Each structure stands twice: as structure tokens, then as C-alpha cells.
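Engineer: FYI, the numbering for the sequence shown is 31 to 178, going by this note's numbering. Ideal placement from N, C-alpha and C gives every residue a C-beta, glycine not left out. Here the structure is a predicted model, which means the values were calculated and not measured. Provided herewith is a single structure, encoded as C-alpha cells, for subsequent inquiry.
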Amino acid sequence: AVVSTQSTGALAKREEANKTGKMTSIIFIRDKNARGQEISGYIDYAHRLKTEDFEPYFNGKKRLLPKLSDLSFYIWESQKSTSNASPNYQVIADNASGLLFKNKRDRKIVNVDPKASRPGDNSTRVPIASGGLYTQVVIYDHITRRKT
Numbered sequence: 031a032v033v034s035t036q037s038t039g040a041l042a043k044r045e046e047a048n049k050t051g052k053m054t055s056i057i058f059i060r061d062k063n064a065r066g067q068e069i070s071g072y073i074d075y076a077h078r079l080k081t082e083d084f085e086p087y088f089n090g091k092k093r094l095l096p097k098l099s100d101l102s103f104y105i106w107e108s109q110k111s112t113s114n115a116s117p118n119y120q121v122i123a124d125n126a127s128g129l130l131f132k133n134k135r136d137r138k139i140v141n142v143d144p145k146a147s148r149p150g151d152n153s154t155r156v157p158i159a160s161g162g163l164y165t166q167v168v169i170y171d172h173i174t175r176r177k178t
């Protein structure tokens, strides 16, 4: 298996809530790409679930890595970075607090700075043990309150 059970289990556990819109999770992954370059990025999990088949990730046939089209993507060696809004999040990059993501449904800010005391209203930061398969994995869960 390519992906550790902790990583895939954590994602599988969040799949339904992300598909139904109860939660929008942002996955931070830092690792090496196929060329051996260190990369990192923030993935809008709910959006990726809608646009990509996650079965190969869940069954360990494929590694989940950030892409240029994700919320944020960074190649450390060349210091090349991109950021893109998704259907769920707006990226606020020019901020003193570092990178922030604004949820488009409830307009709440998710602060992904690891030094921040908390990631924001209705959000939790969950470091994931990846069994050495990734350099670092952190999931930010944002509970979106539905307007009734």
C-alpha cells in the first residue's frame, strides 16, 4: 500500500461529511514529488472529492499529493507557488498572519498557521501520523453551519 492506513482512514472518516457539505476539510501535505523535489500544498478535500475518484487513494494504489490547481501549491527548491480559489474557499495570501482561507458559505476564516492558537471559528487542526509515507499531513476541518 502506498498510503498509510492513518492517512486514508482519516480521509475516509471525513468523506461523507465533505460530500454532503456538513464539513469542508483542507488537507495540508508536505512531501516529495516524483522528481524528488520537496512540495507542499493545501487541498480542498470536498472539491477534490467532486472532481476526482478517491478510490485509488483509499485503496493505496495512488498517493495523494497537492497539484498546481489546488488551493495552494509550493515547490520549495524553486520557491514557485500558486494559489487558487475553489468552490468552497477563497485564498487570502497577502496577509500578515500568512496564508488564510475564507469559507465561501459562512465567510469564516480558516487560519492554517501552525503557530496560531486555533485555526478559527468552527475549525479544528488535526495532525495526522502518516507512518513515514509523507513528510507531514495536517487536516483542517471546518464545520459549515447550514442556514435553515
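If contacts are defined as beta-carbon pairs under 8 Å, then L101 and I56 qualify, I think. What distance do you get, rounded to the angstrom?
Structural biologist: The sequence position of residue 101 within the sequence shown is 71, counting from 1. The sequence position of residue 56 within the sequence shown is 26, counting from 1. That pair is a contact at about 7 Å.
Engineer: Just to confirm the assignment: which complete alpha helix (DSSP H) runs, minimum length 4, are found wholly within the segment 67-117?
Structural biologist: 75-81, 85-88
Engineer: At which residues does the beta strand (DSSP E) containing R148 begin and terminate?
Structural biologist: For the purposes of this step, residue 148 is identified with residue 118 of the sequence shown, where counting begins at 1. Following the DSSP letters along the chain, one finds R148 in no beta strand (DSSP E), marked with neither H nor E.
Engineer: Terminal residues of the continuous beta strand (DSSP E) containing I139?
Structural biologist: For the purposes of this step, residue 139 is taken as the residue at position 109 of the sequence shown. Start and end: 139-141.
Engineer: Would A31 be called buried (16 or more neighbouring beta carbons within 10 Å of its own) or exposed?
Structural biologist: As a first step, residue 31 is located in the sequence shown; it is residue number 1 there, counting from the start. Legend: pLDDT at A31 = 33, less than 50; position of this residue unreliable, no value from coordinates given.
Engineer: Hey, would you say R60 sits closer than 9 Å to Y164, going by beta carbons?
Structural biologist: In the sequence shown, residue 60 corresponds to position 30, counting from 1. In the sequence shown, residue 164 corresponds to position 134, counting from 1. Against a cut-off of 9 Å, the Cβ pair of Y164 and R60 comes out as a contact.
Engineer: When the Cα atoms are used, what is the spatial distance from A42 to V156?
Structural biologist: As a first step, residue 42 is located in the sequence shown; it is residue number 12 there, counting from the start. As a first step, residue 156 is located in the sequence shown; it is residue number 126 there, counting from the start. One C-alpha to the other measures close to 14 Å.
Engineer: Would you list the one or two residues that DSSP bridges to Y119?
Structural biologist: Residue mapping note: residue 119 aligns to position 89 of the sequence shown, counting from 1. Note: Y119 sits in a beta bridge opposite N133.
Engineer: Residue range of the beta strand (DSSP E) that Y170 falls in?
Structural biologist: Counting from 1 along the sequence shown, the entry for residue 170 is found at position 140. Here the beta strand (DSSP E) through Y170 covers 166-173.
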